[in-house]
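These protein sequences, in sequence, are chains A and B. full-length UniProt numbering puts the first residue of the first sequence at 1, with every later residue one more than the last. full-length UniProt numbering puts the first residue of the second sequence at 1, with every later residue one more than the last. All remarks here apply to the structure that follows.
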Amino acid sequence: MDDLYLDNIDEFVNDHNKIVTYKWLSLTLGVHVNTAKQMLYHYLDHKRKESSAQVHATYLVSGKFVDNGQTGHRVSVVREDQLEDVKSRMSPIVSVHIYSVQKALLKDSGPLYSVDYDAVKDNLQNCSRYGAVRCSSAVPMSSLELQQARGARQALPPEPEQKKSSANTDTNVVSKPPSKPQKGIMGMFASKAAPKAQESSRDNKSEQEEAARVDPVQSKPARKPNPGANFFRVQTSKKPAEEKTSSSPPPAEQNLLPSKPQTKQEAAAVEAPKDAKRESRSKTKRVESDSEEDKTEKKKRRRIKKPDPDSSDEDVIPDSPPRMETRRLSPSPEKEIPPVTRSQCGNIEGKVRKRRRVLKSRAFIDDEGCIVTVKDYESESYSETEDDVQATRQAGKDPVPAKPAVSNKQEDKKGHKKSSANANKGAKQASIMGFFHKK
Amino acid sequence: MTTLTRQDLNFGQVVADILCEFLEVAIHLILYVREVYPSGIFQKRKKYNVPVQMSCHPELNQYIQDTLHCMKPLIEKNDAEKVVVVIMDKEHRPVERFVFEISQPTLLSIRCVHVDVCFCFCCCSSDSLLSHVEQLLRAFILKISVCDAVLNNNPPGCSFSVLVHTREAATRSMEKVQVIKDFPWIVADEQEVHMKEPRLIPLKTMTSDIVKVRKLLAAERLHDVI
Numbered sequence: 001m002d003d004l005y006l007d008n009i010d011e012f013v014n015d016h017n018k019i020v021t022y023k024w025l026s027l028t029l030g031v032h033v034n035t036a037k038q039m040l041y042h043y044l045d046h047k048r049k050e051s052s053a054q055v056h057a058t059y060l061v062s063g064k065f066v067d068n069g070q071t072g073h074r075v076s077v078v079r080e081d082q083l084e085d086v087k088s089r090m091s092p093i094v095s096v097h098i099y100s101v102q103k104a105l106l107k108d109s110g111p112l113y114s115v116d117y118d119a120v121k122d123n124l125q126n127c128s129r130y131g132a133v134r135c136s137s138a139v140p141m142s143s144l145e146l147q148q149a150r151g152a153r154q155a156l157p158p159e160p161e162q163k164k165s166s167a168n169t170d171t172n173v174v175s176k177p178p179s180k181p182q183k184g185i186m187g188m189f190a191s192k193a194a195p196k197a198q199e200s201s202r203d204n205k206s207e208q209e210e211a212a213r214v215d216p217v218q219s220k221p222a223r224k225p226n227p228g229a230n231f232f233r234v235q236t237s238k239k240p241a242e243e244k245t246s247s248s249p250p251p252a253e254q255n256l257l258p259s260k261p262q263t264k265q266e267a268a269a270v271e272a273p274k275d276a277k278r279e280s281r282s283k284t285k286r287v288e289s290d291s292e293e294d295k296t297e298k299k300k301r302r303r304i305k306k307p308d309p310d311s312s313d314e315d316v317i318p319d320s321p322p323r324m325e326t327r328r329l330s331p332s333p334e335k336e337i338p339p340v341t342r343s344q345c346g347n348i349e350g351k352v353r354k355r356r357r358v359l360k361s362r363a364f365i366d367d368e369g370c371i372v373t374v375k376d377y378e379s380e381s382y383s384e385t386e387d388d389v390q391a392t393r394q395a396g397k398d399p400v401p402a403k404p405a406v407s408n409k410q411e412d413k414k415g416h417k418k419s420s421a422n423a424n425k426g427a428k429q430a431s432i433m434g435f436f437h438k439k
Numbered sequence: 001m002t003t004l005t006r007q008d009l010n011f012g013q014v015v016a017d018i019l020c021e022f023l024e025v026a027i028h029l030i031l032y033v034r035e036v037y038p039s040g041i042f043q044k045r046k047k048y049n050v051p052v053q054m055s056c057h058p059e060l061n062q063y064i065q066d067t068l069h070c071m072k073p074l075i076e077k078n079d080a081e082k083v084v085v086v087i088m089d090k091e092h093r094p095v096e097r098f099v100f101e102i103s104q105p106t107l108l109s110i111r112c113v114h115v116d117v118c119f120c121f122c123c124c125s126s127d128s129l130l131s132h133v134e135q136l137l138r139a140f141i142l143k144i145s146v147c148d149a150v151l152n153n154n155p156p157g158c159s160f161s162v163l164v165h166t167r168e169a170a171t172r173s174m175e176k177v178q179v180i181k182d183f184p185w186i187v188a189d190e191q192e193v194h195m196k197e198p199r200l201i202p203l204k205t206m207t208s209d210i211v212k213v214r215k216l217l218a219a220e221r222l223h224d225v226i
């Protein structure tokens, strides 16, 4: 190992201009967080000795902090120029370690979070793999358990959540002091811890809220126990949950945040397992649902979007199916037949007989295309001797009943084209005229 | 066919929406990171699931929004080639340029010059990977927030302006139709556009599969300060 990792870190920091946090480093290189911290420390040490390029670092400091008469345990991420100042203000310092190394001088703590975001997101399932906090009894749930838990969750949620928030009081207390304005950069960095702590406390709250929120959502679909509804329930319940708050991303963050102070607070470690257990559960729940639903939800969003602006398209879509229907109907003229038969009945049957005769004889001659049908009309209108064209014009009104009748009998003999043409004619009388005109 | 046209119709809008959203975030962040405005007017907000800085100054926000609003039709029609955030010193000489090169459906890129640095990101999208685009934009935001490591400090009293480089005759139609009344685009001064001895420093390149048609390429440029 030795100096190899120094090159690695140097590449990240200088060439990629990255902010290298110990968490990111441990996930990237697959080393224990404490090793990652040591690596960063050595790297920084090394760089300082070289004193070549400017490298900035941030530190995480935790300890007892008295502020406005209130004593609390504070965990803050501070820039190195503020390190001594912060240290001097904490009476027993529980822990000091390097948090990140970067080339840029950070103006606020936002980027520190952003850096870890994607790394953690990529390793959601095992983002605490290299963490110092362990809980052997915290085992990820199987999918079956998960489903059961989801059902049971409606009844459960508020209680453990409250306990959790009480377990996190340390961080909550920490969140208070920064709310009061602090000086300069220190304020920013102190507020780094604050947002985090606030986030975690907010998470707790938001979890409660979320639980409350999710409840009504879930309870609704719960009334419909059919599987189809279930399917929708998952999506609908997820959607509000995800959209309303940071609820989905925080769980990932959340389990890191509380765990971080815990690494430093051995005292809190007793409480930690409980937390870890619950969190890991709630995490795994959300984690899986996230990964699944994130995508589906995004897809869904787009799907939802599409129809909205394209009302015109929607018009188009309904248009096409009807056409399809007419075509489908035409090959199987049973549906059209009833009116036809009626019309036959209504008309004189003698004519029908005449038609039949004529058709047969002429069908043999042409046998293909619509011309044959034209001739049928002639026969019907007694215009066997007249010109075809004239007949078609006259036939314009009559053909509707006549035509289908023809199709009835000729169906077996003639192709689908014809029948489809018939169907079209059946649908629109006016178009028949045009149709025959063209031919 | 209908689905295709539907997608096509949507596509421009979707891309323009995403881009304008991103540009808004980016502009605010640039102003913050480069200290064009005092940090007191900025507040933390959440975008792409990460904290970003956004100004709270109503007039500044309005200006940025109006600018982007006017820009949107151009992006939709793929008429905008570049969107440039120029940071100028007191004498209105550009000291830094953040150039967002847009060439969808195939390419969009972002650059910043002062001093020239170069970010690039490319993303092609298909809807399953919308989150991936978000990830790229997030990475981009992150790059902007650490860009001062490769940029020199700006002189005090800087101001900024937004330039749009259009393709072909888009300028004319832009002059005719004002999207927002009394908020016209004007042709930029030569001196605002050009810099002496710009230096290009590549900062970031990324590629993804999100909209299959769109690519983003961002470049920030830097040149040495005297």
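Using N, Cα and C, we set each Cβ at its ideal position, and we do this for glycine too.
Other residues of its chain near residue i: CB distance less than 6 Å, five sequence neighbours each side excluded
i        : result
B/Ser161 : Val86
B/Asp17  : none
A/Pro92  : Gly63 and Lys64
A/Met39  : Tyr5
B/Val84  : Arg97, Val99 and Leu163
A/Asp10  : none
A/Ser26  : Val33, Ala36 and Tyr130
B/Phe42  : Tyr32, Gln53 and Ser55
Cβ-Cβ separation, residue j to residue i (assumed contact under 8 Å), whole Å
i        : j        : result
B/Lys72  : B/Phe100 : Contact doesn't hold; Cβ gap of about 14 Å is too wide.
B/Ala149 : A/Ala104 : 4 Å
B/Pro155 : B/Asp66  : Actually they are not in contact, since the Cβ atoms of B/Pro155 and B/Asp66 sit about 27 Å apart, beyond 8 Å.
A/Val61  : A/Val96  : 5 Å
A/Val78  : A/Val86  : 5 Å
B/Val95  : B/Cys158 : 7 Å
B/Val50  : B/Arg138 : 6 Å
B/Leu68  : B/Leu23  : 6 Å
A/Lys121 : B/Ser39  : About 28 Å; that fails the 8 Å criterion.
B/Ile102 : B/Ile64  : B/Ile102 to B/Ile64, Cβ: 17 Å. No contact.
Terminal residues of the beta strand (DSSP E) in which residue i lies
i        : result
A/Ser26  : Here A/Ser26 belongs to no beta strand (DSSP E); instead the alpha helix (DSSP H) covers Tyr22 to Leu29.
A/Leu6   : Per DSSP, A/Leu6 belongs to no beta strand (DSSP E); it is in the alpha helix (DSSP H), Leu4 to Asp10.
B/Val164 : Ser159 to Thr166
B/Arg34  : Segment: none, B/Arg34 is in no beta strand (DSSP E) and carries neither H nor E.
B/Arg45  : Phe42 to Lys47
Delimiting residues of the alpha helix (DSSP H) encompassing residue i
i       : result
A/Arg48 : Val33 to Glu50
Residue i burial status per 10 Å Cβ neighbour count (16 or more: buried)
i        : result
A/His73  : buried
B/Cys20  : buried
A/Asp7   : exposed
B/Glu134 : buried
A/Asp45  : exposed
B/Asn78  : buried
A/Gly69  : exposed
A/Val139 : exposed
A/Gly110 : buried
A/Asp3   : exposed
B/His92  : exposed
A/Ser88  : exposed
A/Leu144 : exposed
A/Ser51  : exposed
Own chain, CB closer than 7 Å to residue i, minus 5 neighbours either side, in chain order
i       : result
A/Phe12 : Lys18 and Val20
B/Val33 : Ile144, Ser145, Cys147 and Asp148
B/Leu29 : Val52, Gln53, Ile141, Ile144 and Ser145
B/Lys47 : Val25
A/Trp24 : Val115, Asp116 and Ala119
Residue i beta carbon near the ligand COA (any heavy atom closer than 7 Å)
i       : result
A/His42 : For the ligand COA, the structure offers nothing, since it holds no ligand at all.
Cβ neighbours of residue i in the same chain (closer than 8 Å, five flanking residues each side left out)
i       : result
A/Ile98 : Tyr22, Lys37, Leu40, Tyr41, Leu44, Ala57, Thr58, Tyr59 and Leu60
Which runs of the beta strand (DSSP E), 3 residues or longer, sit entirely within the region 54-139 of chain A? 56-67, 70-79 and 90-102
What are the start and end residues of each continuous alpha helix (DSSP H) run of 4 or more residues lying completely inside the region 50-86 of chain B, in chain order? Complete alpha helix (DSSP H) runs here, min 4: 58-76.
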